[in-house]
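Taking it in order: structure first as structure tokens, then the write-up.
Chains as they are written, first to last, in the numbering used here: chain F, 1 to 397; chain Z, 398 to 505; chain A, 506 to 828.
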């Protein structure tokens, strides 16, 4: 019997990990993801979850411990936030290139300097090019979904990639939302047992990772490139199964909200999507032809889906909560990938970047109305006045 | 989608097979300038050469009751000569041997 | 969480002719001719046997052994970063505990051995090594000590002796002795503060029977264990490669290397000379010390004299060991 509970994103993550029957967990405390580990510690201590709970000495160690565990043949889980995510950076390429499909839960936190507990996507986004699957949840329910979906996709032998499962710190990680917990039998049907092709086992000796020549390095990189090319089909398959088994209606890469006759749209991911929906509802009631497109996976980036979805609008506001100092147009990360996705189209919508929620700041309805106003003006004038707006910090237009 | 030229394959995730008794992808016998030569009459099978060779190139042939050198891999470091308890091993110039200096077919 | 999952007892050996014949570190590796670390690796692999998983943090025993796309390890082996040998080993041990408990693997916990250089043990790898010792994982951490970051072309490490010439401590008119710092005492770092550790020992390639027995004893102990193995490096220390074992012997005879075991708070010493040879005899055979003046050698001798008076600092208060 499926149970409905009010759970924070962190609690939902722990429930998902428990139902995925993770076998080795490595903890280290840093706000705000720590709550995931505290929940799991209780589950292990009272026998609800049969797993080894290893106290890592730091985030770099966390990733190293679960790398060893997953290479030995156990389903492994770790997590972090903010500078913890970037401290472990050395390990991300070895894990992805070694094709070890472990999972890292990230509850976003702004990077230092200085200490700032608020949510910003920069921590995870700065690791996006190492060959990990990466995506964001809008709600605790999506955190639960994404944990299971990512284990299923990452462990598939056509993919074999590790996964960053991301949720906004505080807004998702600590605010409760409705989560439907399925039956264990349903989860077992969706997620087969972990089976690495060449685990470390004295019965079948192998050597993991001897030194290579530079000309062999290209081929190592091509392997990861090929896995990312093959991943979208596996994602679609997995989500089809997820919808069938759990009675849901998730779209794998993009969710469109009120886009049927929209002229302008927000392109957004993560916690603030919820506020954006309310803004869209209100603006629609005022006759504004506005919609919203929500992104689920940053890696693999769904280029064709983005092009198809956004091509129907006249102007798109890319709402970003991560920084890319000094990049082209001095925009955020998402703007570049959106523009690249749209480049081949004969007719491209106008695009602007809205830097919002950085540092963990609230993004309110008024902020979305401001963004919508800019987009509407752009459509009227046939051009954008600026490419990048730091919402709340721009001079009056 | 990608064409990997023949001979350039790299196993998935760089996971290579473990060797069994030797690693023929790393022949090192052509490193040496000097080759250890055994005078069996002087040898008392102390096993120093077998134990102290970093490359496991001396092994005891139990049937023959003789230590035998693996010339394919011996680097000519001469630890065995230095540690031999009975001076049964001496250095000989590699190029004085008919099969002196084993060459790789495809050097790096 | 400690479940006795190993009943293995590897037996000690008495003589060199009892050294096991099977090779698990096979011929065909790109280490230097006369490489001390390669010799200890061969002996460790023999001692451990086939039910073993090795971890290879970046260093000579990774790069030189595993070039290119091939290795000499006949047992399972995995490369780790130089930073995290202890952490990866911890993860493998945790995985085997849960997999055996759940019946997903059969048999016993395999030997899990980290083969780290001095940098990967006491410098950049110190955090992970200490955490593995603290958490009580049933695994062995070996430091093969060639007293430098040798793989990268001989740079100073925390175990490089005072007065050594390395590419980061070259002697010059402003700094005549080269290295001015005295080394960390690595076994003491382990013994000093890790309650879960029950066995720590130093060993040397000069005494292979003793080395093999210490490896086996460490593997038989349930819990984390540490071995510090002296592994002279002909290239880094600048001596004739035929003399690798001889140099290792001389290190013990002069007191530059001390042989002991520490087990549950008790020290046992091996190969302790009745009369130590002067350090000068050790130093004059190695190019890395060629620049030392009499004053420098005297300083080194004083350091050794103090060290050999009490190899291993006895712990003043008993270290509590968990049940």
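Yeah, the Cβ is synthetic: ideal placement off N, Cα and C, and Gly gets one too.
All values reported here derive from a predicted model rather than from experimental measurement.
message: I'd like to confirm the pairing. Which residues does DSSP put opposite residue 616 (chain A) in its beta bridges?
response: Within the third chain, numbered from 1, the residue matching residue 616 (chain A) stands at position 111. According to DSSP, residue 616 (chain A) bridges with A:557.
- Message: Tell me the rounded alpha-carbon separation between residue 536 (chain A) and residue 717 (chain A).
- Response: For the purposes of this step, residue 536 (chain A) is taken as residue 31 along the third chain, with counting starting at 1. For the purposes of this step, residue 717 (chain A) is taken as residue 212 along the third chain, with counting starting at 1. In a straight line, the C-alpha of residue 536 (chain A) is about 21 Å away from that of residue 717 (chain A).
Quiz item: Since residue 762 (chain A) and residue 735 (chain A) are thought to touch, with beta carbons under 8 Å apart, how far apart are those beta carbons, to the nearest angstrom?
Solution: On the third chain, position 257 is the one that residue 762 (chain A) refers to. On the third chain, position 230 is the one that residue 735 (chain A) refers to. With 8 Å as the limit, residue 762 (chain A) and residue 735 (chain A) qualify as a contact, their Cβ atoms being about 5 Å apart.
Item to complete: Would you mind telling me which residues of chain Z sit closer than 8 Å to residue 580 (chain A), beta carbon to beta carbon, in chain order?
Response: For the purposes of this step, residue 580 (chain A) is taken as residue 75 along the third chain, with counting starting at 1. Result: 415.
For residue 122 (chain F) and residue 305 (chain F), what's the separation of their Cα atoms in angstroms? As a first step, residue 122 (chain F) must be located in the first chain, where it is residue number 122. As a first step, residue 305 (chain F) must be located in the first chain, where it is residue number 305. Each residue's Cα considered, the two are about 24 Å apart.
| Cβ-Cβ distance between residue 458 (chain F) and residue 74 (chain F) below 8 Å | Since the first residue shown for chain F is 1 and the last is 397, residue 458 (chain F) is missing from the structure and cannot be characterised.
- [ ] Take residue 827 (chain A) and list the residues in its own chain whose beta-carbon comes closer than 7 Å to its own, dropping the five residues that flank it on each side.
- [x] Taking the first residue of the third chain as position 1, residue 827 (chain A) is located at position 322. Its pLDDT being 40, under 50, residue 827 (chain A) is placed unreliably by the model, and the measurement read from it follows with that caveat. Excluding positions up to five away in sequence, the list reads 700 and 701.
Three-state secondary structure assigned by DSSP to residue 188 (chain F): For the purposes of this step, residue 188 (chain F) is taken as residue 188 along the first chain, with counting starting at 1. DSSP places residue 188 (chain F) in helix when its eight states are reduced to three.
List the whole-angstrom C-beta distance separating residue 692 (chain A) from residue 664 (chain A), where the pair is believed to meet the contact cut-off of C-beta under 8 Å.
Translated into positions along the third chain, residue 692 (chain A) becomes position 187. Translated into positions along the third chain, residue 664 (chain A) becomes position 159. Not a contact, Cβ separation roughly 11 Å.
Is the segment 296–303 of chain F touching the segment 121–138 of chain F in the sense that three or more CB pairs, one from each, lie closer than 8 Å? With the cut-off at 8 Å, the segment 121–138 of chain F and the segment 296–303 of chain F touch.
DSSP state of residue 681 (chain A), grouped into three classes? Locating residue 681 (chain A) in the third chain gives position 176, where the first residue counts as 1. Shown here, residue 681 (chain A) sits in coil according to DSSP, grouped into three states, outside any helix or strand.
Under 8 Å, with one C-beta from each stretch per pair, do the segment 80–93 of chain F and the segment 44–64 of chain F reach the 3-pair mark? Per the Cβ contact rule, the segment 80–93 of chain F is in contact with the segment 44–64 of chain F (3 or more Cβ pairs under 8 Å).
DSSP state of residue 824 (chain A) mapped onto helix, strand, coil:
The residue labelled residue 824 (chain A) in the question sits at position 319 within the third chain. Confidence at residue 824 (chain A) is low in this model, with a pLDDT of 35, below 50, so its placement is unreliable and the value that follows should be read with caution. Three-state DSSP puts residue 824 (chain A) in coil, outside helix and strand.
Discussion item. Quick check on residue 184 (chain F) - is its C-beta less than 8 Å from some C-beta in chain A?
Written reply: In the first chain, counting from the first residue as 1, residue 184 (chain F) sits at position 184. Look at residue 184 (chain F): its C-beta is not under 8 Å from any C-beta on chain A.
- prompt: Can you list the residues of chain F that residue 513 (chain Z) reaches, using a CB-CB cut of under 9 Å?
  reply: The question about residue 513 (chain Z) has no answer, for chain Z in this structure spans 398 to 505.
TODO: Taking all protein chains shown into account, decide if residue 822 (chain A) is buried (16 or more other Cβ within 10 angstroms of its Cβ) or exposed.
DONE: Stepping through the third chain from its first residue, residue 822 (chain A) is reached at position 317. Per-residue confidence for residue 822 (chain A) stands at a pLDDT of 33, beneath the threshold of 50, marking its modelled position as unreliable; the derived number appears in the next sentence. So residue 822 (chain A) counts as exposed.
- prompt: What's the gap between the Cα of residue 430 (chain Z) and the Cα of residue 483 (chain Z)?
  reply: In the second chain, residue 430 (chain Z) corresponds to position 33, counting from 1. In the second chain, residue 483 (chain Z) corresponds to position 86, counting from 1. Roughly 23 Å separates the two Cα atoms.
Q) Do residue 65 (chain F) and residue 596 (chain A) have their CB atoms nearer than 8 Å? A) Taking the first chain and counting its residues from 1, the one referred to as residue 65 (chain F) is at position 65. Taking the third chain and counting its residues from 1, the one referred to as residue 596 (chain A) is at position 91. Against a cut-off of 8 Å, the Cβ pair of residue 596 (chain A) and residue 65 (chain F) comes out as a contact.
- [ ] Check the DSSP bridge columns for residue 290 (chain F) and list the partner residues they point to.
- [x] Residue numbering aside, residue 290 (chain F) sits at position 290 when the first chain is read from its first letter. F:264, per the DSSP bridge assignment.
If you check the beta carbons only, do residue 806 (chain A) and residue 744 (chain A) fall under 8 Å apart? On the third chain, residue 806 (chain A) is found 301 positions in, with the first residue counted as 1. On the third chain, residue 744 (chain A) is found 239 positions in, with the first residue counted as 1. With contacts defined as CB atoms closer than 8 Å, residue 806 (chain A) and residue 744 (chain A) fail to qualify as a contacting pair.
- prompt: Exposed or buried, what is residue 406 (chain Z) when buried is set at 16 or more other beta-carbons lying within 10 Å of its beta-carbon?
  reply: For the purposes of this step, residue 406 (chain Z) is identified with residue 9 of the second chain, where counting begins at 1. By the 10 Å Cβ count, residue 406 (chain Z) comes out exposed.
**Message:** By the DSSP assignment, the beta strand (DSSP E) with residue 463 (chain Z) in it spans what residues?
**Reply:** Residue numbering aside, residue 463 (chain Z) sits at position 66 when the second chain is read from its first letter. Per DSSP, residue 463 (chain Z) belongs to the beta strand (DSSP E) from 463–466.
Worksheet item: Between the C-alpha atoms of residue 720 (chain A) and residue 645 (chain A), what's the straight-line distance to the nearest angstrom?
Response: The count along the third chain starts at 1 and reaches residue 720 (chain A) at position 215. The count along the third chain starts at 1 and reaches residue 645 (chain A) at position 140. Answer to the nearest angstrom: the Cα atoms are 9 Å apart.
Can a CB atom of chain A be found closer than 8 Å to the CB of residue 433 (chain Z)? Sequence index remark: in the second chain, residue 433 (chain Z) carries index 36 (1-based). So no, residue 433 (chain Z) is outside the interface.
Against chain A, which members of the segment 468–496 of chain Z pass a CB distance test of less than 8 Å? Under the 8 Å Cβ criterion, the segment 468–496 of chain Z contributes 469, 470, 472, 473, 474, 475, 476, 478, 479 and 480.
Q.
Strictly under 8 Å for the Cβ-Cβ distance: is residue 607 (chain A) near chain F by that measure?
A. Locating residue 607 (chain A) in the third chain gives position 102, counting from the first residue. Look at residue 607 (chain A): its C-beta is under 8 Å from a C-beta on chain F.
- prompt: How would you write the range of the beta strand (DSSP E) that residue 806 (chain A) sits in, first residue to last?
  reply: Walking along the third chain from the start, residue 806 (chain A) turns up at place 301. Careful: residue 806 (chain A) lies outside any beta strand (DSSP E), inside the alpha helix (DSSP H) at 799–814.
Proximity below 8 Å, CB of residue 33 (chain F) to CB of residue 118 (chain F): Locating residue 33 (chain F) in the first chain gives position 33, where the first residue counts as 1. Locating residue 118 (chain F) in the first chain gives position 118, where the first residue counts as 1. In this structure, residue 118 (chain F) does not lie closer than 8 Å to residue 33 (chain F) by Cβ.
Pull up the DSSP beta-bridge partners for residue 137 (chain F), would you.
-> Against the first chain, residue 137 (chain F) aligns to sequence position 137. In DSSP, residue 137 (chain F) forms a bridge with F:167.
Listed by chain order, chain Z residues near residue 214 (chain F) by CB distance under 9 Å:
Within the first chain, numbered from 1, the residue matching residue 214 (chain F) stands at position 214. Those do not exist, as residue 214 (chain F) stays about 12 Å from chain Z at its closest Cβ, beyond 9 Å.
C-alpha distance - residue 730 (chain A) paired with residue 202 (chain F), whole-angstrom precision
Within the third chain, the letter at position 225 stands for residue 730 (chain A). Within the first chain, the letter at position 202 stands for residue 202 (chain F). Straight-line Cα distance between these residues: approximately 21 Å.
Select from A:681, A:740, A:656 and A:647 the residue whose C-alpha is nearest the C-alpha of residue 707 (chain A). Locating residue 707 (chain A) in the third chain gives position 202, counting from the first residue. Measuring from the Cα of residue 707 (chain A), the nearest candidate turns out to be A:647.
By DSSP, does residue 343 (chain F) sit in helix, in strand, or in coil?
Taking the first residue of the first chain as 1, we reach residue 343 (chain F) at position 343. If DSSP states are grouped into helix, strand and coil, residue 343 (chain F) belongs with coil.
### Message
Can you confirm whether the segment 518–531 of chain A touches the segment 439–446 of chain Z when touching is taken to mean that 3 or more C-beta pairs between the two stretches lie within less than 8 Å?
### Response
Short answer: they touch.
Taking residue 458 (chain Z) as part of the beta strand (DSSP E), name the residues at either end of that continuous run. Position 61 of the second chain, counting from 1, holds the residue named residue 458 (chain Z). For residue 458 (chain Z), the enclosing beta strand (DSSP E) covers residues 455–458.
Legend entry - Simplified DSSP state of residue 650 (chain A), which is helix, strand or coil: In the third chain, counting from the first residue as 1, residue 650 (chain A) sits at position 145. Residue 650 (chain A) falls in the strand class under three-state DSSP.
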